[in-house]
Structure formats: C-alpha cells, structure tokens
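Numbering (the working numbering), first residue to last: 3 to 154. We put the beta carbon where it would ideally sit given N, CA and C, even for glycine. In what follows, a single structure is set out as structure tokens and then discussed.
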C-alpha cells in the first residue's frame, strides 16, 4: 500500500490501512462489514447510498450476490493513503480505490474502476477503529476484454 507521512502516529496508519484492507477483503468475499462501521455509518457513491451500520453492510453483501449471480469476480484494492487528524480520535482518510471485476464464462470480459475515497475513521478508547463515513467518487473506468486465443 502506498503511503504518505501525514499521519501523526505510525500505529494510527497501520490500524487504518488494516481497516481498509479488511473492508475490501470482506467485500470481495461477500462477508459482512458491519463490525467495521460505526452505528450511524454512511456509505455514498454517485450510484449508491446507504446509512446505518446494517444498511451499509446489507448493501455491500447484496452487491456481492448480484456479481455472483452474473458470474463476476471482483477484487478491491486501496492505495495512496493520506491520513489527516481531525482531533478527538477522528481522521480524514483519502485514498485511491482500484476495483478489477472479471466475468467468468465463454467470453470473459470485465472492468477496471478507479475512484477517490474520502473517508472519516474514528478510534474508540480501546484503540479499535471504524468507518464513520465512506464516500467514493469515480475517476476512471476501463473495459477489459479477454485476450485473443493463442494457437497451441
């Protein structure tokens, strides 16, 4: 994961990057992200909006199932993480999300999406951190085509 050094504490950077990685891993496996979210969490993209821990978790699991029904696999990656302290145990986290989604089947194809994430992460007294808000703005979308078959 790429990083900038704006985090006031290296342990904060580690916890936040682990949170991002765990979140994306669960999304890719169709697992709930509920425990990675504050109770009143908000998730917003130009296409989707959900509020509340369970509302956000349910949305992301439903998107996994929609992909699965279409025989599409997706992998999400976070990069270029920039962390700014807002005080009171809250941090603004800006990063680049990269999503590769590939169809399985006779004529595989897919998409490569990139988007800017602008998130708020909060730490509690025990050192656990959770997303308060996740906002994604698309930057780039590319169609991916299967390579031409090569003769044996």
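Beta-bridge partners of residue 144 (DSSP): 114. Around residue 30, the same chain offers 76, 77 and 78 as residues with beta carbons nearer than 7 Å, after the five sequence neighbours per side are excluded. Under the Cβ criterion (8 Å, minimum of three pairs), the segment 125-137 does not count as touching the segment 106-114. Pairing residue 18 with residue 95 gives a Cβ-Cβ distance under 7 Å. Residue 146 is a Cβ neighbour of residue 112, given a cutoff of 7 Å.
By the CB criterion at 7 Å, residue 59 and residue 36 fall inside the cutoff. In the structure shown, residue 47 falls within a coil segment according to DSSP collapsed to helix, strand and coil.
Separation of residue 142 and residue 41 (C-alpha to C-alpha, rounded to the nearest whole angstrom) is 31 Å. In terms of Cβ geometry, residue 91 and residue 133 do not form a close pair [threshold 7 Å]. Its Cα nearest to that of residue 81, the residue 116 stands out among 123, 116 and 43. For the pair residue 84 and residue 24, the Cα-to-Cα distance works out to about 17 Å.
Leaving aside the five residues that flank residue 47 on each side, the residues in its chain whose CB is nearer than 8 Å to its CB run, in chain order, 117, 137, 138, 139 and 140.
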